[in-house]
């Protein structure tokens, strides 16, 4: 059964990007390590104030549309451009949750609320406008959020932590500010633990986004145009992002809401006129299947299987043919041995399959659409590539004469790991040879057999179906051909 998609957005107000290099933030680092952490530059048209920045973050549109120009939200257009928690709840009937201490986010104070109609809400206003009161309010907010995230089932959540911003306002960006950021990171850790302790966690696919709205001047304060004030950041990890990924383009605040929709597999309606889009990323490495993915050899393999099967008295059906796609010669031979009416050894069938398939490959193979351009893109971007095939080494080497072996840092063929596809061994071995964890690698595959191997290894997958339909899933994107992936990655 497909895993249920869930999203948690944690907004930490006023955290300077350069401060993260000095303050231990192990929980934020974990999110970044499993995905990415990227700077965000507040747009020139947007005042570096919490109201405008958070409105852009949660609506996915810029300030000229949502019309939140300051920390007084009066005159806003949030009814036309609602926050993601409200939109998902009202239009899709999804369960959403918001927890925040800053009153305009969730109450009518100062022209609010910014979050108009989430399904569930937690609010603990600070007892006073002091750093300690804000720490206490954040603590109460997280305490409630942990209970909701652990025991209830919100599909999209937003948890706001405001103490770092207020501390900087009162005391500047010194020791107390850094301690407040460390405390916010510990609270983030408790939220992440709450997700892992959910009874249904293993059946869920969580995307986590951690974002700040603006920076601060050294003495504390913001609202100006200095680089320190205009520099924010976003960390994001989830089943659709490889570990250590690199955003293809600059990340913007308006991309956060779009990323939430993408994580929930919700295609935005064009009438929403979102200004943001999900952030496209480049993986640290790409592991490519060969047959049916880079070269159009699946018909040759099916034909070889049919010839060998016919030579031993069995006519292969379409259903039986679909079952051998992505399989090794040995696996296919063992399968054919059960179908042939006369006894025949699997070893003899395996030898016949390899020889017949090799002869067809050596006669010439065609590249799949976009294959050459993809390999050139990987080479130009210095992205390590590995070829991971279930075909025999003789067949792989024959195809490499067409593909060009210099493109790949390493290649694997059938028999070069203890087990072949659909077991995870080939993809784990390829990642190890590239000195990367499987989660940092993107696999490009065309068959259910290869996809099963890649997902069992812990890799993210782009599926380019050739002969068998494939459904999308968390951690698996389905595209029509390789050119679509190139379009996502850009020039």
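Residue numbers (this note's numbering): -11 to 479. Beta carbons: idealized from backbone N, C-alpha and C, even for Gly. Predicted model only: the values in this text are computed from it and were never measured.
Excluding sequence positions up to five before and after residue 173, its CB lies within less than 6 Å of the CB of 13, 15 and 16, all in the same chain and listed in chain order.
Of 56, 268 and 296, the smallest CA-CA separation from residue 328 is found for 296.
Sequence-distant Cβ neighbours of residue 194 in its own chain, meaning closer than 6 Å and more than five residues away, are -6 and 183. If you draw a 10 Å sphere on the C-beta of residue 420, you find fewer than 16 other C-beta atoms in it, and that means exposed. Counted as a single uninterrupted DSSP element, the beta strand (DSSP E) harbouring residue 274 occupies residues 273 to 276. Proximity of the stretch 306 to 314 to the stretch 428 to 438 meets the contact definition, three or more beta-carbon pairs being nearer than 8 Å. A direct Cα-to-Cα measurement between residue 177 and residue 362 gives close to 39 Å. In the three-state reduction of the DSSP assignment, residue 253 falls in the coil class, being assigned neither a helical nor a strand state. The closest CA to that of residue 85, considering only 397, 477, 392 and 104, is found on 104. Counted as a single uninterrupted DSSP element, the stretch harbouring residue 26 is not any alpha helix (DSSP H) but the beta strand (DSSP E) occupying residues 24 to 29. Close CB contacts of residue 320 within its chain, under the 7 Å cut and outside five residues either way in sequence, are with 293, 312 and 341 (chain order). Three or more pairs of CB atoms, one per stretch, sit closer than 8 Å, so the stretch 69 to 84 contacts the stretch 243 to 259. Here residue 279 is bridged, per DSSP, to 283. With a 10 Å radius around the Cβ and a threshold of 16 neighbouring Cβ atoms, residue 389 comes out exposed. Cβ neighbours of residue 48 within its own chain (closer than 6 Å, five residues either side excluded): 242, 245, 246, 262 and 264. Shortest Cα-Cα distance from residue 237 to any of 208, 270 and 152 involves 270. The stretch 146 to 159 makes contact with the stretch 87 to 95; the number of CB pairs closer than 8 Å reaches 3 or more.
For residue 202, the three-state secondary structure derived from DSSP is coil.
According to DSSP, residue pairing for residue 221 in a beta bridge involves 27. Taking the C-beta atoms as reference points, residue 156 is found nearer than 8 Å to residue 204. The way I'd put it, the stretch 15 to 30 does touch the stretch 214 to 232; three or more beta-carbon pairs between them come closer than 8 Å. Between the beta-carbon of residue 18 and that of residue 166 there is about 19 Å, and that puts the pair past the 8 Å contact cut. Looking only at 429, 334 and 298, the smallest Cα-Cα distance to residue 273 is reached by 429.
Pairing residue 278 with residue 322, the inter-Cα distance amounts to about 22 Å.
Bridge pairing for residue 146: -3 and 86 [DSSP].
In its chain, beyond the 5 residues on either side, 1 and 2 have a beta carbon closer than 6 Å to the beta carbon of residue 153.
Listed in chain order, the non-local C-beta contacts of residue 318 below 6 Å within the same chain comprise 338, local neighbours out to five positions each way being set aside.
For residue 235, the pairing in a beta bridge is given by DSSP as 269.
Residue 144 sits close to residue 76, with the two beta carbons spaced by under 8 Å. Straight across, the Cα-Cα distance linking residue 222 with residue 198 is about 6 Å.
A Cβ-Cβ separation of about 6 Å places residue 110 in contact with residue 133 under the 8 Å criterion. Scanning 46, 35, 9 and 309 for the CA closest to the CA of residue -1 turns up 46. One thing to note: residue 283 has its Cβ no nearer than 8 Å to the Cβ of residue 394. Residue 41 carries a helical assignment under DSSP once its states are collapsed to helix, strand and coil.
Counting along the chain, residue 464 sits inside the beta strand (DSSP E) bounded by residues 464 to 466. Looking from the CA of residue 455, the closest CA among 190, 444 and 437 belongs to 437.
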